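Asks:
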Ligand SMILES: [Fe+2]
Ligand SMILES: [Fe+2]
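In this note's numbering, the protein residues as written are 4 to 282.
(1) Strictly closer than 6 Å from CB to any heavy atom of ligand 1: give me those residues in the order they appear in the chain.
(2) Are residue 80 and residue 32 closer than 8 Å when you measure CB to CB?
(3) Might you give, ordered along the chain, the residues of its own chain that have their beta carbon closer than 6 Å to the beta carbon of residue 223, omitting 5 neighbours on each side?
(4) Count the CB pairs spanning the segment 81 to 98 and the segment 153 to 168 that are closer than 8 Å, and state whether there are at least three.
(5) Between residue 206 and residue 266, which are expected to be in contact by the criterion C-beta below 8 Å, what is the C-beta distance as a whole number of angstroms?
(6) State the Cα-Cα distance for the pair residue 246 and residue 195, rounded to the nearest angstrom.
(7) Could you give the C-beta distance for residue 27 and residue 197, rounded to a whole number, given that I count them as a contact under 8 Å?
(8) Confirm the yes/no value for this check: CB of residue 126, any heavy atom of ligand 2, distance under 7 Å.
(9) When the Cα of residue 102 is compared with those of 128, 124, 117 and 48, which residue comes out closest?
(10) Is it the case that the Cβ atoms of residue 174 and residue 110 are separated by a distance below 8 Å?
(11) Mind pulling the alpha helix (DSSP H) runs of 4 or more residues that sit fully within the segment 188 to 234?
(12) Taking DSSP as the reference, what is the three-state secondary structure of residue 89?
(13) Cβ atoms of residue 124 and residue 189: under 8 Å apart, would you say?
(14) Give me, in chain order, the residues of the same chain whose beta-carbon lies closer than 6 Å to that of residue 152; leave out the 5 immediate sequence neighbours on both sides.
(15) If I follow the unbroken alpha helix (DSSP H) through residue 50, where does it start and stop?
(16) Flag this pair as yes or no: are the beta carbons of residue 240 and residue 231 separated by less than 8 Å?
(17) Are residue 170 and residue 116 touching if we call contact CB-CB under 8 Å?
(18) Can you tell me whether residue 159 sits near ligand 2, meaning its C-beta is under 7 Å from at least one heavy atom of the ligand?
(19) Along the alpha helix (DSSP H) that carries residue 129, what are the first and last residues, could you check?
(20) Applying the criterion that 16 or more other CB atoms from any shown protein chain within 10 Å of the CB defines a buried residue, is residue 218 buried or exposed?
(21) Could you give the DSSP three-state label for residue 282: helix, strand or coil?
(22) Check the C-beta distance from residue 178 over to residue 244 and give it rounded, since I have them as a contact under 8 Å.
(23) If you follow the alpha helix (DSSP H) that residue 59 is part of, which residue opens it and which one closes it?
(24) Could you compute how far the alpha carbon of residue 20 sits from the alpha carbon of residue 84?
(25) Does the Cβ-Cβ distance between residue 34 and residue 227 come in under 8 Å?
(26) Tell me which residues share the same chain as residue 82 and place their Cβ nearer than 8 Å to its Cβ, disregarding the 5 neighbours each side in the sequence.
(27) Within the continuous alpha helix (DSSP H) that includes residue 111, where are the two ends?
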């Protein structure tokens, strides 16, 4: 199965300009490549959870092809930047150290609606992340890749959100129950999966997950500008059935922005310095 929207052949690889590569961005691109490349496992899990829903299973399979392609594109770019990086080798180490539970026949989120809320949170995170990357990156090939991926991720959000609406009719998960799942999934994004991916992609020693997490989160949060955070909070609220642009949105955006801009720290200042605009 191939991605219907674009392929690796659509990327202008010949425009690659090593002089415009930001060294601060390379480690998180490598880590993102591994997480994206692992989507096939998630589609197996989703097909098990939605075992009697062939319509959703078809969607999940197509979705995973697109995610794996994100990993392939980011990995190829990282290999061009750093010839010592090997996507397949780093990926093999990642799956050996981090495995998701595939054989579940019901969602770890307690219900199918909960599972779909969690999927919407992941797509919220990725769509805001690649939009922030697209807006800060100067190297033209990575900018092209992040633009394509950001478009895919927001489409994925809408896709899971549509299926969430379908399941909510049946399961009636309340707004607060949805919010609980959503917050749980957001907190999890600071856990093992991303830290392991960062560690394996960047040759950090096994066991040093705390350091990997610190480096990953600092570098990732440094990409963001306030509008990306505001858009992400609106998507979170929408998936939980709350007004995406009301008072809660303003308050939550302010708090999230405060935390993220602080954790991005010095790297943030460097990436967003005046006069450092894309060519
Ligand atoms: Fe993706
Ligand atoms: Fe996605």
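All C-beta atoms, glycine included, are put in the ideal place defined by N, C-alpha and C. On a predicted model such as this, the values are computed, not experimentally measured, just so you know.
Replies: Let's see:
(1) 39, 70, 73, 129, 152 and 156
(2) Position 77 of the chain shown, counted from the start, is the residue given in the question as residue 80. Position 29 of the chain shown, counted from the start, is the residue given in the question as residue 32. A contact, by the Cβ cut-off of 8 Å.
(3) Stepping through the chain shown from its first residue, residue 223 is reached at position 220. For residue 223, where only same-chain residues beyond five positions count, the Cβ hits under 6 Å are 31.
(4) no
(5) Locating residue 206 in the chain shown gives position 203, counting from the first residue. Locating residue 266 in the chain shown gives position 263, counting from the first residue. That belief does not hold up - the Cβ atoms of residue 206 and residue 266 are roughly 23 Å apart, past 8 Å.
(6) Your numbering for residue 246 matches position 243 in the chain shown. Your numbering for residue 195 matches position 192 in the chain shown. Computed Cα separation, rounded: 32 Å.
(7) Position 24 of the chain shown holds residue 27. Position 194 of the chain shown holds residue 197. Going by Cβ atoms, the distance from residue 27 to residue 197 rounds to 17 Å, so no, they are not a contact pair.
(8) Along the chain shown, read from residue 1 onward, the residue named residue 126 stands at position 123. Yes, the Cβ of residue 126 comes within 7 Å of a heavy atom of ligand 2.
(9) The residue you call residue 102 lines up with position 99 of the chain shown. Checked all of 128, 124, 117 and 48; the closest Cα to residue 102 is 48.
(10) Working through the chain shown from its first residue, we reach residue 174 at position 171. Working through the chain shown from its first residue, we reach residue 110 at position 107. Taking 8 Å as the Cβ cut-off, residue 174 and residue 110 do not qualify as a contacting pair.
(11) 195 to 204 and 212 to 225
(12) Along the chain shown, one-based indexing puts residue 89 at 86. Coil at residue 89, not helix or strand.
(13) In the chain shown, residue 189 corresponds to position 186, counting from 1. In the chain shown, residue 124 corresponds to position 121, counting from 1. Yes, Cβ-Cβ distance for residue 189 and residue 124 is below 8 Å.
(14) Within the chain shown, the letter at position 149 stands for residue 152. Closer than 6 Å at Cβ, skipping near neighbours: 73 and 133.
(15) In the chain shown, the residue the question calls residue 50 occupies position 47. Taken as a continuous stretch (DSSP letters only), the alpha helix (DSSP H) holding residue 50 covers 42 to 52.
(16) Walking along the chain shown from the start, residue 240 turns up at place 237. Walking along the chain shown from the start, residue 231 turns up at place 228. Result no, Cβ atoms of residue 240 and residue 231 do not sit closer than 8 Å.
(17) Your numbering for residue 170 matches position 167 in the chain shown. Your numbering for residue 116 matches position 113 in the chain shown. Yes; because the gap between Cβ atoms is below 8 Å, this pair is in contact.
(18) Sequence index remark: in the chain shown, residue 159 carries index 156 (1-based). Residue 159: yes, Cβ under 7 Å from ligand 2.
(19) Along the chain shown, one-based indexing puts residue 129 at 126. It spans 115 to 139 - the alpha helix (DSSP H) in which residue 129 sits, taken as one unbroken run.
(20) Residue mapping note: residue 218 aligns to position 215 of the chain shown, counting from 1. So residue 218 counts as buried.
(21) Taking the chain shown and counting its residues from 1, the one referred to as residue 282 is at position 279. In this prediction, residue 282 has a pLDDT of 48, which is less than 50 and means its spatial position is unreliable; what the coordinates show is noted afterwards. Residue state, collapsed to three classes: coil.
(22) Residue mapping note: residue 178 aligns to position 175 of the chain shown, counting from 1. Residue mapping note: residue 244 aligns to position 241 of the chain shown, counting from 1. Contact holds; Cβ gap of about 4 Å.
(23) Sequence index remark: in the chain shown, residue 59 carries index 56 (1-based). Segment 57 to 84, the alpha helix (DSSP H) holding residue 59.
(24) By 1-based counting over the chain shown, the position of residue 20 is 17. By 1-based counting over the chain shown, the position of residue 84 is 81. Residue 20 and residue 84: Cα-Cα distance of roughly 9 Å.
(25) Sequence index remark: in the chain shown, residue 34 carries index 31 (1-based). Sequence index remark: in the chain shown, residue 227 carries index 224 (1-based). Not a contact, by the Cβ cut-off of 8 Å.
(26) Position 79 of the chain shown, counted from the start, is the residue given in the question as residue 82. 88, 89 and 90.
(27) The residue given as residue 111 occupies position 108 in the chain shown. Per DSSP, residue 111 belongs to no alpha helix (DSSP H) and is neither H nor E.
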